[in-house]
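Residue numbers (full-length UniProt numbering): 1 to 371. Glycine residues also receive a C-beta, built at the ideal position from the N, C-alpha and C atoms. In what follows, a structure is listed as structure tokens, so that the remarks can point back to it.
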Amino acid sequence: MRIGFEAKRLFLNDRGLGNYARNLLYGLLKYAPNHNYHLFTPQYSDKHINQEYINSKCVTIHKPSGLLGAISKSAWRSLGMGKDIKRNKIDVFHGLAQELPKDIKKSGAKSIVTIHDLIFLKHPEFYKPIDRKIYFSKVKFAVNNTDHIIAISEQTKSDIINTFSVPENKISIIYQSCNEVFYEKRTQTELEQVKTKWDLPKNYILYVGALNENKNVKVILEALNLLKGKFDLPLVIVGKGEAYKKQLIEYATKNNLLKQLIFASDVADPTPLDLSSFYQLSSVFVFPSFYEGFGIPILEARFSGTPVIASNSSCLEESGGGASKYFDPSNAEELAAIIKNHTSNPSAKKISNNLTLKGSTNKLLSIYNTI
């Protein structure tokens, strides 16, 4: 089968959408190497991708072509990609990040689109009006013009149905998975090397993810302020977002918490291998987001055997499972109480096969084969 992907974020995005695309490709190459995979992207970068996978004989990369591609890469991505999909005789085309080319119907390929979340509608206060309009337009076109939709959680499926009146049988749920490096227990030597390399404290709270208003990391500092003098664990943050980072520093400075605030990404972004040690060295992982489509860092923490505390909003109880603890994301007192009591009892127990890379890949292949 010749399977095509809208792969811009696979190459250029170092956050959730990019990680989703890369993990999906890695899973297909590992568990279904008999197919041909075509990556359509307006721009190529090898910064975030494993060259071993890109150099695979079953992977082909397509960049903008024709007059439209020469004039505007963005226009090619929206209006000209369909011609290249048709020219390359793609059987199934998968939009990995909530959108499809406007000319997808002319491509002759069956189409699938993954919808991650509708946060821009659920929390419009976190987005500029123009961005909300663009996101809504892209998602509306995609769900109305695709042959099938993949939602990454029950929450996202429900949001799609309620917002766009899409028939339920047009949507399949395939949970996101994470890099299989998080499945492996690091040796004590490996852990000590990472601890020394990154100058990590002996015990700490860990947060992994973007830094913005929706991620709500400030509530962790508010909880630590309530615990000050009783339970003084530092907070290690792996993630970027300069504007929100300034807010965190201002709050920490005002409340004498600056010594407990560590931004690991100021040095560099940890590799997945190093990040797995970050999880395994931590006392507890906290994910306080107001709204998510799934929450891959929670899964990374669970596979790493790290206790998880997450907000009780949106879909996070789907990704966190029964062993994780949950709190109201607006309630620092509740979070403080849980942090104090939840630094044991790891939550990586009986993780469903649906959350493994192999399980999600097999379900995806089933859709490719039946569409």
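Is DSSP giving Phe-93 helix, strand or coil here?
strand
Pair every Cβ in the stretch 292–303 with every Cβ in the stretch 168–186, then say whether three or more of these pairs are closer than 8 Å.
yes
Taking the straight line between their C-alpha atoms, what separation do you get for Gln-247 and Asn-212?
10 Å
State the beta-bridge partners of Tyr-37 as determined by DSSP.
Ile-3, Val-59
Any idea which residues DSSP pairs Lys-47 with across the strands?
Partner(s): none; Lys-47 has no beta bridge.
Give every residue of the same chain whose Cβ lies closer than 8 Å to the Cβ of Asn-145, excluding the five residues on either side of it in the sequence, and list them in chain order.
Leu-100, Ile-104, Lys-105, Ser-111
Candidates Val-308, His-38, Pro-329: which alpha carbon is nearest Phe-93's?
His-38
Contact check, Gln-98 vs Ile-115 under 8 Å by CB: the rounded distance?
6 Å
Since Cys-178 and Ile-309 should fall inside the 8 Å C-beta cutoff, what is the C-beta to C-beta distance between them, to a whole number of angstroms?
Cys-178 to Ile-309, Cβ: 18 Å. No contact.
Below 7 Å CB to CB, which residues in the same chain sit around Ser-78 once its five sequence neighbours on both sides are set aside?
Pro-101, Lys-102
DSSP-derived helix/strand/coil call for Leu-206:
strand
So what does DSSP say about Ser-304, is it helix, strand or coil?
coil
Exposure label - Asn-34; buried when at least 16 CB within 10 Å
exposed
Give the DSSP-derived three-state secondary structure of Val-194 in the structure shown.
helix
Consult DSSP for Lys-230 and reduce its assignment to one of helix, strand or coil.
coil
Work out the CA separation of Cys-58 and Leu-299 for me, nearest whole Å.
29 Å
DSSP on Thr-253, reduced to helix/strand/coil?
helix
Looking at C-alpha atoms only, which residue of Tyr-291, Asn-354, Phe-263, Asn-341 is the closest neighbour of Pro-329?
Tyr-291
Leaving out five residues on either side along the sequence, give the residues of the same chain with a beta carbon under 6 Å from the beta carbon of Phe-209.
Rather than Phe, the amino acid found at residue 209 in this sequence is Gly. Result list for Gly-209: Lys-215, Gly-239, Pro-297, in chain order.
Spatial distance of Lys-363 from Val-113 (CA atoms)
15 Å
Buried or exposed for Glu-317, please, with buried defined as at least 16 other CB atoms from any protein chain shown within 10 angstroms of its CB.
buried
Among Ile-339, Tyr-53, Ile-173, which residue has its Cα nearest to the Cα of Leu-355?
Ile-173
Of all the options Lys-47, Asp-91, Pro-64, Asn-353, which has the alpha carbon lying nearest to the alpha carbon of Ile-367?
Asp-91
Going by Cα to Cα distance, which pick from Leu-68, Tyr-53, Ile-150, Leu-10 is closest to Ile-371?
Ile-150
How is Leu-118 classed by DSSP in three states: helix, strand or coil?
coil
For the beta strand (DSSP E) containing Ser-78, list its first residue and its last residue.
Here Ser-78 belongs to no beta strand (DSSP E), and DSSP marks it neither H nor E.
Just curious, the alpha helix (DSSP H) that Ile-134 is in, first and last residue?
129–145
Could you tell me whether the Cβ atoms of Tyr-204 and Ile-220 are closer together than 9 Å?
no
Determine the burial state of Thr-156: buried for a count of at least 16 other Cβ atoms within 10 Å of its Cβ, exposed for fewer.
buried
Met-81: buried (16+ other C-beta within 10 angstroms of its C-beta) or exposed?
buried
Beta-carbon separation (whole angstroms), Cys-315 vs Phe-294, contact threshold 8 Å
6 Å
How far does the beta strand (DSSP E) with Leu-261 in it extend, from its first residue to its last?
261–263
By alpha-carbon positions, which one of Lys-245, Ile-161, Leu-28, His-48 ends up nearest to Gly-359?
Leu-28
My understanding is that Leu-357 touches Ala-32, with C-beta atoms under 8 Å, so please give their C-beta distance in whole angstroms.
The pair is not a contact, with the Cβ atoms about 12 Å apart (cut-off 8 Å).
Can you tell me the Cβ-Cβ gap for Gln-43 and Phe-11, rounded? I've got them flagged as a contact below 8 Å.
7 Å
Under three-state DSSP, which class holds Lys-349?
With a pLDDT of only 48 at Lys-349, under 50, the local geometry of the prediction cannot be trusted, and the value read off the model is given with reservation. Here Lys-349 sits in coil by DSSP.
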